[in-house]
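Take a look at the structure below.
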Amino acid sequence: MNVKEIQSKTILSASKVYNYVINPYVGCQHACHYCYARFIKRFSGHKEPWGMFVDIKINAADLLRVEVNKKKCARVWISGLCDPYQPLEAKYKLSRKCLEILAYNNWPVTIQTRSSLVLRDMDILKGANDFEVGLTITTADDEIRKLFEPNAPPIKERLSTLDELHRSGIKTYAMIAPILPGAETLVNALEGKVDYVIVDRMNYHYADWIYTKYRLEDKLSDDFFQRTGRELAYVCKKLNIACNLTF
Ligand code: SF4
């Protein structure tokens, strides 16, 4: 693993998903096989396989302190191209420092992670005015998770993280994206743990080889995504959970 501290030029970037995005790290230790963020290898000059490098934007908090005073206050997404709570965050605390600044300045924030490390920052989350936390959960089957996301935390851990956050009064959502085999039964496990759910299909081809190797090709078809999307939305409705089916 090539870990390097770097000085970034900026930290609060414009985003098409929310108003801004903060990526405290370049690269992601979770190394999900389907991850689209690997395209940044082209721009960062990294030749290592995806997941084998992380650049630490060591000046992230210093930049943010200046940028929140220069830019118009609007929702910040943390993160888009890395997991803000990948294991290195335990040591570097860049996401924590950025969240502290955003909470102090009353900026709305959407956190998206696969890790229970977010619970470390409960003090900030509880004190903030308009923060929400999403856990990405792509399947209910941990054997499938191991095939596609071998370095990311187990499904059970993500569900209990949502549970703890929600019970602490923090707004939570589950990002069921991309729908992986075994996602069909996920919503029941989310009952009482989330305010809403976002669902999206697999939109990239990086992990096609896994579907071929494990004879899962039928779970990569339009028919599967449409059927599973409808099923997830139906169960959400039954359980009174708002569902945003994005395709
Ligand atoms: S956690 Fe997110 S950013 Fe990290 S490898 Fe997985 S999909 Fe990519």
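Just add 1147 to the spot in the sequence shown (first one is 1) and you have the numbering used here. By construction, the Cβ of each residue, glycine as well, lies at the ideal position given by its N, Cα and C atoms.
What three-state label does DSSP hand Gly1227 in the structure shown?
-> Taking the first residue of the sequence shown as position 1, residue 1227 is located at position 80. Here Gly1227 sits in coil by DSSP.
Helix, strand or coil for Ile1271, going by three-state DSSP, please let me know.
-> The count along the sequence shown starts at 1 and reaches residue 1271 at position 124. Helix.
Going by the CB atoms, is the gap between Cys1245 and Leu1282 shorter than 7 Å?
-> Here the question's residue 1282 lines up with position 135 in the sequence shown. Here the question's residue 1245 lines up with position 98 in the sequence shown. Result no, Cβ atoms of Leu1282 and Cys1245 do not sit closer than 7 Å.
State the start and end residues of the unbroken beta strand (DSSP E) segment that holds Val1201.
-> As a first step, residue 1201 must be located in the sequence shown, where it is residue number 54. First-last of the beta strand (DSSP E) with Val1201: 1200 to 1204.
6 Å CB neighbourhood of Leu1294 in its chain, flanking five on each side removed = Within the sequence shown, residue 1294 is the residue found at index 147, counting from 1. Closer than 6 Å at the Cβ level, and outside the excluded window around Leu1294, lie Ile1357.
Are Leu1392 and Glu1338 closer than 7 Å when you measure CB to CB?
-> The residue given as residue 1392 occupies position 245 in the sequence shown. The residue given as residue 1338 occupies position 191 in the sequence shown. No, the Cβ-Cβ distance between Leu1392 and Glu1338 is not below 7 Å.
Does the stretch 1187 to 1198 come close enough to the stretch 1168 to 1177 that 3 or more CB-CB pairs lie under 8 Å?
-> The stretch 1168 to 1177 vs the stretch 1187 to 1198: in contact.
Ile1203 to Lys1188 span [Cα, whole Å] | Locating residue 1203 in the sequence shown gives position 56, counting from the first residue. Locating residue 1188 in the sequence shown gives position 41, counting from the first residue. Spanning the two alpha carbons is a distance of roughly 15 Å.
Start-to-end residues for the beta strand (DSSP E) that takes in Gly1281 | For this step, residue 1281 is matched to residue 134 along the sequence shown. Unbroken beta strand (DSSP E) run through Gly1281: 1278 to 1283.
Under 7 Å Cβ to Cβ from Leu1165, same chain only, skipping five residues before and after it: list those, please.
-> Here residue 1165 refers to the residue found at position 18 when the sequence shown is read from its first residue. Sequence check: residue 1165 is Tyr here, not Leu. Excluding five sequence positions before and after Tyr1165, the CB atoms of its chain that fall closer than 7 Å to its own CB belong to Arg1222, Val1223, Trp1224, Thr1257, given in chain order.
Residue burial classification, Phe1372 (beta-carbon count within 10 angstroms, cutoff 16) | Position 225 of the sequence shown, counting from 1, holds the residue named residue 1372. Buried, since its Cβ has 16 or more Cβ neighbours within 10 Å.
I think Lys1303 touches Thr1319, with their Cβ atoms under 8 Å apart; what is that distance to the nearest whole Å?
-> Locating residue 1303 in the sequence shown gives position 156, where the first residue counts as 1. Locating residue 1319 in the sequence shown gives position 172, where the first residue counts as 1. About 16 Å separates the two Cβ atoms, so there is no contact after all.
For Val1164, does the three-state DSSP call read helix, strand or coil?
-> Position 17 of the sequence shown holds residue 1164. Val1164 falls in the coil class under three-state DSSP.
Unbroken stretches of the alpha helix (DSSP H), 4 residues or longer, contained in the stretch 1274 to 1338 | Fully enclosed alpha helix (DSSP H) runs of 4 or longer: 1289 to 1295, 1302 to 1314, 1333 to 1337.
Report buried or exposed for Asp1268, applying the criterion of at least 16 other Cβ atoms within 10 angstroms of its Cβ.
-> One-based indexing of the sequence shown puts residue 1268 at position 121. Taking every protein chain shown into account, the CB of Asp1268 has 16 or more other CB atoms within 10 angstroms, so this residue is buried.
Span of the alpha helix (DSSP H) around Glu1152 = The count along the sequence shown starts at 1 and reaches residue 1152 at position 5. Under the DSSP assignment, Glu1152 falls outside any alpha helix (DSSP H), being part of the beta strand (DSSP E) whose first and last residues are 1149 to 1153.
Pair within 7 Å by beta-carbon distance, Leu1266 and Tyr1232 = Along the sequence shown, one-based indexing puts residue 1266 at 119. Along the sequence shown, one-based indexing puts residue 1232 at 85. No, these two residues do not count as a Cβ contact at 7 Å.
Which partner residues does Leu1392 have in the DSSP bridge list?
-> In the sequence shown, residue 1392 corresponds to position 245, counting from 1. Under DSSP, Leu1392 forms a beta bridge with Val1346.
Among Ser1368, Arg1377, Ile1248, Glu1214, which has the Cα closest to the Cα of Lys1156?
-> Start at 1 with the first residue of the sequence shown, and residue 1156 comes out as number 9. The shortest CA-to-CA distance from Lys1156 to any of Ser1368, Arg1377, Ile1248, Glu1214 is the one to Glu1214.
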